[in-house]
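*Asks:*
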Amino acid sequence: MDMIRDIPLPKPDIRSTEDMRSVLYNAADAEEDRPLYFMYRALSKNEDDAEWLISHKIRYDITEIPPGEIGGEYVKTKGHYHPDAPDGFGYPELYQVLSGSAHYLLQKKDLSEFILVCALAGDFVLIPPGYGHVTINPADETLIMANLVSDNFSSEYQFYEDMHGAAWYETEEGWIKNPAYDKVLELKVLERPKEYPEYGIIRGRNIYGLIGTDYLEFLNKPSLLNGNRKFF
Ligand SMILES: O=P(O)(O)OC[C@H]1O[C@](O)(CO)[C@@H](O)[C@@H]1O
């Protein structure tokens with residue numbers, strides 16, 4: 001069995017060209033079906049952690065995105081939104097880059113904000129309530145990232161599928177606006193992600209170490225993230 005950072009990896013869920021066709025910049029030029037990225041879900045290092053994660057309805061996943069392009073666009077995740085939690089705020093998510101580098105492309109549900117967060121190994125990226133998100137591997141090395149997220153919901157893909165992806169595509173020629181969107185605001189770029197020490201989110205700290213702590217309560221009670229505060 002494969003291991004990443006001491007964690008035994010089960011068989012991954014794989015997204016292939018065919019799974020991604022509806023959200024690609026240039027689906028016509030996307031070659032034959034091939035695996036694009038690998039998702040290892042619901043991981044834990046031992047029985048105690050597994051029990052804690054299950055009882056707190058939290059999932060720890062690792063995703064591996066090899067470098068490359070498809071139809072001129074850098075390989076990316078499909079993109080999705082999260083529904084609202086019972087407290088009325090969207091479920092957030094916490095990522096950390098384990099190796100390689102990543103571009104997190106966020107867009108608010110009402111399309112009032114488009115954010116690009118650039119992240120390197122050790123950086124945390126918080127996806128705040130109400131933001132859809134796509135992760136892009138813009139580099140020539142494999143991106144490995146981990147995430148902690150509520151296990152109480154299913155991701156929503158419909159909007160991204162209907163709109164042929166996010167509002168922006170990152171291509172070998174640079175950033176290109178997606179013509180399916182009526183009006184696209186400029187991308188607000190964060191060269192490095194913000195830290196949130198009040199939630200244990202401090203660059204370089206090991207994301208796995210948050211398991212078993214109270215810091216993660218906000219994943220199932222997003223209102224704990226100070227309600228409507230501005231994140232970017
Ligand atoms: O579901 P998408 O958009 O392909 O994105 C994949 C990512 O989302 C997750 O399901 C967590 O939200 C991860 O397992 C994975 O990194």
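All letters in the sequence shown, in the order written, are residues 1 to 232 by full-length UniProt numbering. For every residue, glycine included, the Cβ atom is placed at its ideal position computed from N, Cα and C. Computed from a prediction, not measured in an experiment: that's the story for all the values here.
Pair every Cβ in the stretch 116 to 128 with every Cβ in the stretch 79 to 94, then say whether three or more of these pairs are closer than 8 Å.
*Replies:* Cβ pair count under 8 Å is three or more, so yes.
*Asks:* Apart from the five residues on each side of it in sequence, which residues of its chain come closer than 6 Å, Cβ to Cβ, to Y160?
*Replies:* Answer for Y160: V23 and G79, listed in chain order.
*Asks:* In chain order, what residues of the same chain have a beta carbon less than 7 Å from the beta carbon of R203, not counting five sequence neighbours either side?
*Replies:* Counting only Cβ-Cβ distances below 7 Å, and skipping sequence neighbours, we find G122, D123, F124 and E195.
*Asks:* Pairing CB atoms from the stretch 6 to 16 with CB atoms from the stretch 37 to 48, are three or more of them under 8 Å?
*Replies:* Touching, per the Cβ criterion.
*Asks:* When DSSP labels each residue in this structure, what does T17 get in the three-state scheme?
*Replies:* Helix.
*Asks:* Report whether the distance from the Cβ of V149 to the nearest heavy atom of ligand 3 is below 7 Å.
*Replies:* In terms of ligand content, the structure shown lacks ligand 3 and carries ligand 1 instead.
*Asks:* Quick one: measure Cβ to Cβ for I136 and Y74, integer angstroms, because I've assumed they're closer than 8 Å.
*Replies:* About 5 Å; that satisfies the 8 Å criterion.
*Asks:* Quick one: is D214 near chain D, going by C-beta distance under 8 Å?
*Replies:* Given the protein chain composition of this structure (a single chain), no chain D is represented.
*Asks:* Just to confirm before moving on: does the CB-CB distance between N178 and A167 stay below 8 Å?
*Replies:* Going by C-beta atoms, N178 is nearer than 8 Å to A167.
*Asks:* Roughly how many angstroms separate the alpha carbons of R21 and Y169, rounded to a whole number?
*Replies:* Approximately 14 Å between the Cα atoms of the pair.
*Asks:* For the alpha helix (DSSP H) holding Y160, just list the boundary residues, first then last.
*Replies:* Unbroken alpha helix (DSSP H) run through Y160: Q158 to D162.
*Asks:* Taking the beta strand (DSSP E) that S150 belongs to, which residues open and close that run?
*Replies:* Residues L143 to S150.
*Asks:* Consult DSSP for V117 and reduce its assignment to one of helix, strand or coil.
*Replies:* DSSP places V117 in strand when its eight states are reduced to three.
*Asks:* Within its chain, find whatever has a CB closer than 7 Å to the CB of S154; leave out the 5 residues flanking it on each side and keep chain order.
*Replies:* Here the set comprises nothing.
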